[in-house]
Structures are given as C-alpha cells and as structure tokens.
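A short worksheet on the structure shown next.
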Amino acid sequence: MASFNLLLLPGDGIGPEVMAEVERVVAWLKQNGICDVETETDLVGGCAYDDHGEAVSDATIEKALKADAVMLGAVGGPKWDGVAFDKRPEAGLLRLRKDLNLFANLRPAICYPALADASSLKRDIVEGLDIMIVRELTGGVYFGEPKAITELGNGQKRAVDTQVYDTFEIERIAHVAFDLARKRRNLVHSAEKRNVMVSGVLWNEVVNEVHAADYSDVELQHILADACAMQLVRAPKQFDVILTDNLFGDMLSDQAAMLTGSLGMLPSASLGPEDADGKRRAMYEPVHGSAPDIAGNGLANPIATIASFAMALRYSFDQADAADRLEAAIAGVLDADLRTADIMQEGKSQVSTAAMGEAIVAEMQKSES
Ligand code: NAD
Numbered sequence: 009m010a011s012f013n014l015l016l017l018p019g020d021g022i023g024p025e026v027m028a029e030v031e032r033v034v035a036w037l038k039q040n041g042i043c044d045v046e047t048e049t050d051l052v053g054g055c056a057y058d059d060h061g062e063a064v065s066d067a068t069i070e071k072a073l074k075a076d077a078v079m080l081g082a083v084g085g086p087k088w089d090g091v092a093f094d095k096r097p098e099a100g101l102l103r104l105r106k107d108l109n110l111f112a113n114l115r116p117a118i119c120y121p122a123l124a125d126a127s128s129l130k131r132d133i134v135e136g137l138d139i140m141i142v143r144e145l146t147g148g149v150y151f152g153e154p155k156a157i158t159e160l161g162n163g164q165k166r167a168v169d170t171q172v173y174d175t176f177e178i179e180r181i182a183h184v185a186f187d188l189a190r191k192r193r194n195l196v197h198s199a200e201k202r203n204v205m206v207s208g209v210l211w212n213e214v215v216n217e218v219h220a221a222d223y224s225d226v227e228l229q230h231i232l233a234d235a236c237a238m239q240l241v242r243a244p245k246q247f248d249v250i251l252t253d254n255l256f257g258d259m260l261s262d263q264a265a266m267l268t269g270s271l272g273m274l275p276s277a278s279l280g281p282e283d284a285d286g287k288r289r290a291m292y293e294p295v296h297g298s299a300p301d302i303a304g305n306g307l308a309n310p311i312a313t314i315a316s317f318a319m320a321l322r323y324s325f326d327q328a329d330a331a332d333r334l335e336a337a338i339a340g341v342l343d344a345d346l347r348t349a350d351i352m353q354e355g356k357s358q359v360s361t362a363a364m365g366e367a368i369v370a371e372m373q374k375s376e377s
C-alpha cells in the first residue's frame with residue numbers, strides 16, 4: 009500500500025471540526041488498504057499565537073517542508089483582532105505560502121447538479137459546471153516594489169503598487185495550467201490586460217511561447233481579464249482551465265466560486281515548483297475562513313476541506329482513483345439529499361459536520377462492497 013506523510017494544520021474556529029472529517033476519510037482509506045496517509049497535527053494561526061506567541065513556529069515550517077503535503081483548516085477570529093500585524097493569525101498562512109514557495113493556486117469551481125439551484129445564476133447556466141482557475145500566487149502587484157504611500161508636500165499623497173512579472177514566473181504557471189488542461193478537457197484560456205498593461209503584453213507573449221514549445225496539443229485562447237469576468241457569468245461552461253495572474257486571479261476565482269453556491273463547498277490547492285524527483289511542495293485548504301459565528305456547534309460544512317483532501321490525493325499522492333471515489337462520494341451524499349446548514353434547502357435533511365463526514369465515508373464504503 010502506498011504511504012504518504014500529511015501535515016494537518018487545523019487552525020482556528022471551525023478548522024478543527026472540518027479537519028476531523030478529513031481524518032475520518034484518511035482512516036477509512038487505510039482500513040480499506042487503498043493508501044496509507046500518515047498524519048501529524050500541529051498549530052497555525054491564533055491557536056499557535058496563544059501557545060507560543062507566533063502564528064507559525066520555525067519547527068512547524070520545518071515539518072511542512074518535509075511533509076509530502078500540508079492540509080490547512082482556517083485561521084483567525086475576533087479573539088486575535090488586537091494582535092500585532094506581523095503576529096496575526098493570517099501571518100502564519102502567508103509564511104507557509106512563502107516558505108513553501110507555493111506559486112500556483114488552483115481553485116476548482118464545480119457545480120454539483122444537486123446544488124445547482126443554490127447558485128445565483130439559472131440552473132441551466134451552471135449545472136455541470138467544472139472550471140479550474142490557475143492563479144499565479146507569489147508575484148504581481150501584491151508583491152511588486154515600489155509599494156508605498158508618499159506625501160507629495162502639497163496636501164496630497166501618492167499611492168503606488170507595482171505590477172511586475174518576470175519571464176520565469178509566467179512560464180512556470182503556464183506549465184501548471186497546460187499540464188492540468190491535458191488531464192481535463194484540453195482547453196486553456198489565458199486572461200490578462202494586454203490592451204492596457206505591458207505586463208499583460210509579456211504574459212501573452214510568454215504563454216504563447218510555452219504553448220508553441222510544449223503544448224500544441226492543448227487548445228489555447230487568450231481573453232482580456234474583464235471580458236473573462238463577463239463571460240464567467242454569461243456562459244461559464246465554455247471554460248475549462250483559466251490561467252491568470254495574482255490580481256485578476258483573486259477576482260476571477262472568487263467570482264467563479266460563487267457560481268457554485270456556498271463557501272462551504274470550495275476547495276483549493278497551492279503548489280510549489282517541481283523538485284528533481286518531479287515532486288512539488290503543496291498545501292491544500294478550503295477557500296472559507298474560520299467562521300467564528302458557527303464554530304463549535306457542528307454546523308460547519310466539511311465538504312470544502314474533504315474536497316481539498318481529494319485534491320491532495322490527486323496532485324500530491326498520485327491517487328487519482330481514490331480522489332475520483334471521494335469526489336463521487338461527495339456528489340452521492342448530495343444526491344441523497346443530505347445537507348449541512350449552509351446548503352440546506354426545503355425538503356432535504358439537515359445533518360451536522362460529523363454526520364456529513366460519516367455519510368461521505370459510508371458512500372465510499374458502498375462503492376467498496
Ligand atoms: P468566513 O469564510 O470564515 O465566513 C463567512 C461566512 O460563511 C460566515 O457566515 C460563515 O459562517 C460561513 N461559512 C464559512 N465557511 C463555512 C463552512 N465550512 N460551513 C458553513 N458555513 C461556512 O469569512 P469571514 O467571516 O470573513 O472571516 C472569519 C475569520 O476567518 C476572520 O478572522 C478572517 O480573517 C478569517 N479568514 C481566514 C481564511 C483562511 O484561513 N484561509 C480565509 C478567509 C477568512
């Protein structure tokens with residue numbers, strides 16, 4: 009049985025509740041001889057700050073660097089609102105992303121047929137939707153220098169952010185997008201603003217070069233980022249993989265996510281560069297936060313975190329069959345009308361966080377027997 013090492017960082021609020029359901033799936037996979045995921049649990053976020061005064065310790069970073077993959081729950085909450093900026097819970101998350109060099113953020117937007125009515129768009133526009141947004145995560149305008157507000161001396165101030173991309177940053181994220189497309193429907197839309205930004209001109213040029221050199225079997229289309237936003241609400245099913253930079257990816261991935269209904273359903277993966285053995289550092293986490301308003305009440309939807317673990321099975325552990333089965337089990341419990349509070353609809357059965365986890369495992373068991 010293949011064996012992997014997974015570092016669990018449940019974090020704050022509902023983080024530990026939803027992570028417990030991943031542990032339930034991990035235990036089932038081992039019991040059934042599918043794969044052996046050895047887990048270790050550590051602190052990140054507010055709970056880490058309470059424990060030792062930092063949102064993530066050097067020792068935890070060391071463990072994350074050594075693990076085959078990291079799973080994060082969520083961090084933060086009002087309890088830590090007064091904490092110094094560099095020690096706030098989110099600083100732990102940012103340090104993990106930075107130290108693991110997680111430059112590629114993958115956010116699928118999948119609309120389960122059973123939940124199509126929960127979308128703000130009409131059922132026929134979103135039913136069966138399956139998009140993957142590939143967002144560059146460590147470059148662009150969020151990190152570019154100079155980045156400052158200066159006094160102009162005439163009562164005015166000037167704020168400057170710098171959008172900056174080097175060729176290698178565009179090349180490596182383009183490779184991630186094209187590789188993914190090959191495993192999906194073989195179509196990449198590259199979204200930038202080459203009409204008004206020189207970084208968009210370079211983005212376009214480099215994506216074309218990577219495509220011509222290595223991926224002529226994949227269909228590539230270029231789209232202006234604003235047109236992409238428009239098309240995402242007009243006809244989202246035309247997209248397979250959307251490749252875009254940090255800023256546009258931030259917007260487009262949130263927009264795509266909302267096509268599918270609740271925050272409690274949305275997984276994500278962040279990947280680093282390939283090492284000599286072809287392995288990547290990776291962190292998997294739900295898109296939602298720590299939801300302090302519902303923490304501790306068994307109300308949290310664990311599906312986003314369980315689906316993030318399915319991504320770990322697929323992208324870090326190369327267990328595509330197990331990932332397929334887990335994703336099918338999620339669809340199965342939704343078809344069986346089980347709902348956590350956030351996705352509850354009339355005529356369906358409301359279940360707790362743990363009951364949803366149990367039902368997903370029971371659904372996997374059905375396919376085993
Ligand atoms: P949030 O995502 O925690 O919650 C937004 C709303 O969605 C809340 O009403 C919440 O109850 C609901 N919700 C979220 N996840 C859910 C789930 N799995 N099941 C059911 N309902 C769910 O966002 P927020 O309220 O803006 O932030 C709360 C805290 O989380 C803040 O401290 C924020 O900084 C932090 N945060 C952390 C992350 C992260 O760890 N990656 C991301 C976003 C926000």
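Per this note's numbering, the sequence shown runs over residues 9 to 377.
Glycine included, each C-beta is placed from N, C-alpha and C at the ideal position.
Best match in the options for proximity to residue i [C-alpha to C-alpha]
i, options, result
"P281", "Y323, L274, L271", "Y323"
"V206", "L195, V218, T170", "T170"
"I250", "R115, L101, E213", "R115"
"L110", "E335, D76, M319, R289", "R289"
"A77", "E293, E376, A349, V196", "E293"
"R333", "F186, I42, P18, E29", "I42"
"G286", "G365, E354, P86, F325", "F325"
"P86", "D329, I368, R347, A299", "A299"
"G84", "G54, I118, D66", "G54"
"F317", "V45, V359, N40", "V45"
"M266", "D253, H296, V226", "H296"
"A277", "I314, C119, A167", "I314"
"L307", "F247, V91, G355, E29", "E29"
"F93", "I118, D132, G61, L73", "G61"
"D258", "L129, F12, G148, D301", "G148"
"V204", "E179, I178, S224, D234", "D234"
"G152", "E177, D66, R131", "E177"
"T3", "L346, L232, R131", "Within the shown structure, residues of the chain are numbered from 9 to 377, placing residue 3 beyond reach of any answer."
"A75", "A117, K356, L104, K165", "L104"
"C119", "M238, P244, D59", "P244"
"L73", "D283, Q246, A221", "D283"
"M291", "F12, P24, L108, D58", "L108"
"A56", "K38, M79, L17", "L17"
"T175", "N216, L346, L271, S357", "N216"
7 Å Cβ shell around residue i - same chain, five flanking residues per side excluded
i, result
"E371", "A337, G340, V341"
"V184", "A112, V142, L279"
"G269", "L123, A126, S127, I351"
"R96", "A63, W88"
"P121", "E135, G136"
"C236", "H197, A199, I250, L260"
"E376", "N40"
"V209", "R202"
"P154", "V168, T170"
"H230", "S198, N212"
"D343", "A122"
Sequence-distant residues of the same chain with beta carbon closer than 8 Å to residue i, five excluded per side
i, result
"K71", "L15, E48, D50"
"V369", "R32, V33, W36, A337"
"H321", "For the sequence presented, residue 321 should be read as Leu rather than His. The residues are C43, Q327, A328, A330, A331, L334."
"V226", "F186, A189, R190, N194, L195, V196, H219"
"R131", "A124, D125"
According to DSSP, residues forming a beta bridge with residue i
i, result
"R143", "N113, T252"
"G272", "In the DSSP output, where bridge partners are listed per residue, G272 has none listed."
"S357", "L346"
"D138", "I118"
"S11", "D44"
"M79", "L16, Y292"
"A167", "I157"
"G152", "T170"
"T68", "According to DSSP, which records beta bridges pairwise, T68 is partnered with nothing at all."
"T49", "L16"
Expected contact under 8 Å - CB spacing of residue i and residue j to nearest Å
i, j, result
"W211", "Y173", "6 Å"
"N309", "M273", "7 Å"
"N254", "E98", "Wrong, their Cβ atoms sit about 16 Å apart, outside the cutoff."
"I157", "A167", "5 Å"
"L228", "Q263", "Actually they do not touch by this definition, with Cβ atoms about 22 Å apart."
"G90", "G19", "Contact doesn't hold; Cβ gap of about 19 Å is too wide."
"D436", "I139", "With the chain covering 9 to 377 only, the question about residue 436 has no answer from this structure."
"G100", "V52", "4 Å"
"M319", "P275", "6 Å"
"S360", "D345", "Incorrect: roughly 15 Å between the Cβ atoms, too far for contact."
Beta-carbon proximity list for residue i, same chain, < 6 Å, skipping 5 on both sides
i, result
"A303", "G21, I22"
"A10", "C43"
"T348", "N309, M364"
"T68", "D50"
Test: residue i CB closer than 8 Å to a CB of chain D
i, result
"E177", "No chain D is present in this structure, which holds just one protein chain."
beta-carbon residue i near the ligand NAP non-hydrogen atom, thresh 7 Å
i, result
"L101", "Ligands present in the displayed structure are limited to the ligand NAD, and the ligand NAP is not among them."
Hey, which unbroken runs of the beta strand (DSSP E) at 3 residues or more fall wholly within the stretch 184-253? 195-200, 227-232, 249-252
Write down every uninterrupted run of the alpha helix (DSSP H) in the stretch 275-346 whose length is 4 residues or greater and which is fully enclosed by it, in chain order. 311-323, 328-343
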